[in-house]
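Trainee: Numbering (my numbering), first residue to last: 56 to 182.
We put the beta carbon where it would ideally sit given N, CA and C, even for glycine.
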Amino acid sequence: MPQAPVPQRDARHLPPANAIGRRCTLLIFTTVFSVGAILQTIAGGSRGLGYVYAGRVVAGVGIGAISAVAPAYVSECAPKDVRGRITGLFQIMVAIGVMLSYFINLGISLHEPSGPQVWRIPFGFQL
């Protein structure tokens with residue numbers, strides 16, 4: 056029995072990482088994340104809490120896409136004999152980043168107990 060041909064998908068229906076490449080996708084979403092981090096950092100005063108919320112959403116979209124594409128990009132670019140170690144190191148670096156953010160927040164809360172710098176400095180460290 057003959058099989059039906061598999062329809063080809065054009066670039067409009069592909070995920071961005073497949074349509075434009077992983078490197079370009081990472082650059083685009085890094086820019087998206089940076090815009091979100093800047094929005095969070097400049098919030099306050101007359102700009103208010105809305106900038107923090109918008110910045111969190113924009114930065115979340117950026118970091119979510121980066122988290123999905125970066126391990127695939129790293130594993131595709133790594134030599135075959137060290138691919139697993141490099142991909143594992145990627146996850147370890149994410150955990151180290153979380154730990155550093157905790158200690159940054161701890162240090163700021165100990166040295167800046169009140170005022171807008173308590174939240175503005177950690178948001179600025181994202182960049």
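Give a yes or no on whether the C-beta atoms belonging to Tyr106 and Ile97 are separated by under 8 Å.
Mentor: Looking up residue 106 in the sequence shown gives position 51. Looking up residue 97 in the sequence shown gives position 42. Cβ atoms of Tyr106 and Ile97: closer than 8 Å.
Trainee: Go ahead and label Gly91 buried or exposed: buried means 16 or more other beta carbons lie within 10 angstroms of its beta carbon, across all protein chains shown.
Mentor: Within the sequence shown, the letter at position 36 stands for residue 91. Answer is buried; the Cβ neighbour count reaches 16.
Trainee: Comparing alpha-carbon positions, which option in Asn160, Ile93, Ala120, Cys132 lies nearest Ala72?
Mentor: Residue numbering aside, residue 72 sits at position 17 when the sequence shown is read from its first letter. It is Ala120.
Trainee: Please state if the CB of Ile151 and the CB of Ile163 are separated by a distance shorter than 8 Å.
Mentor: The residue you call residue 163 lines up with position 108 of the sequence shown. The residue you call residue 151 lines up with position 96 of the sequence shown. For Ile163 and Ile151, no; Cβs fall outside 8 Å.
Trainee: Please report the distance separating the alpha-carbon of Ala114 from that of Cys132.
Mentor: Position 59 of the sequence shown, counted from the start, is the residue given in the question as residue 114. Position 77 of the sequence shown, counted from the start, is the residue given in the question as residue 132. If I take the Cα positions, the gap works out to 26 Å.
Trainee: Which stretch, first to last residue, makes up the alpha helix (DSSP H) that contains Thr95?
Mentor: Locating residue 95 in the sequence shown gives position 40, counting from the first residue. Here the sequence assigns Gln to residue 95, which means Thr is not the residue at that position. Residues 77-97.
Trainee: Just verifying my parser: in three-state terms, what is the DSSP assignment at Pro134?
Mentor: In the sequence shown, the residue the question calls residue 134 occupies position 79. Of the three classes helix, strand and coil, the one that applies to Pro134 here is coil, per DSSP.
Trainee: Going by beta-carbon coordinates alone, are Arg77 and Ala123 separated by less than 8 Å?
Mentor: Here residue 77 refers to the residue found at position 22 when the sequence shown is read from its first residue. Here residue 123 refers to the residue found at position 68 when the sequence shown is read from its first residue. Not a contact, by the Cβ cut-off of 8 Å.
Trainee: So, is Gln95 buried or exposed, given that buried needs 16 or more other C-beta atoms within 10 angstroms?
Mentor: As a working note, residue 95 is residue 40 in the sequence shown. The residue is buried, with at least 16 neighbouring Cβ atoms inside 10 Å.
Trainee: Could you compute how far the alpha carbon of Phe145 sits from the alpha carbon of Gly110?
Mentor: As a working mapping, residue 145 is identified with position 90 in the sequence shown. As a working mapping, residue 110 is identified with position 55 in the sequence shown. Approximately 25 Å, taken between the alpha carbons.
Trainee: Which word fits Val87, buried or exposed, when buried means at least 16 other C-beta atoms lie within 10 angstroms of its C-beta?
Mentor: The count along the sequence shown starts at 1 and reaches residue 87 at position 32. So Val87 ends up on the buried side.
Trainee: What is the DSSP secondary structure of Pro177, counted as helix, strand or coil?
Mentor: Locating residue 177 in the sequence shown gives position 122, where the first residue counts as 1. Of the three classes helix, strand and coil, the one that applies to Pro177 here is helix, per DSSP.
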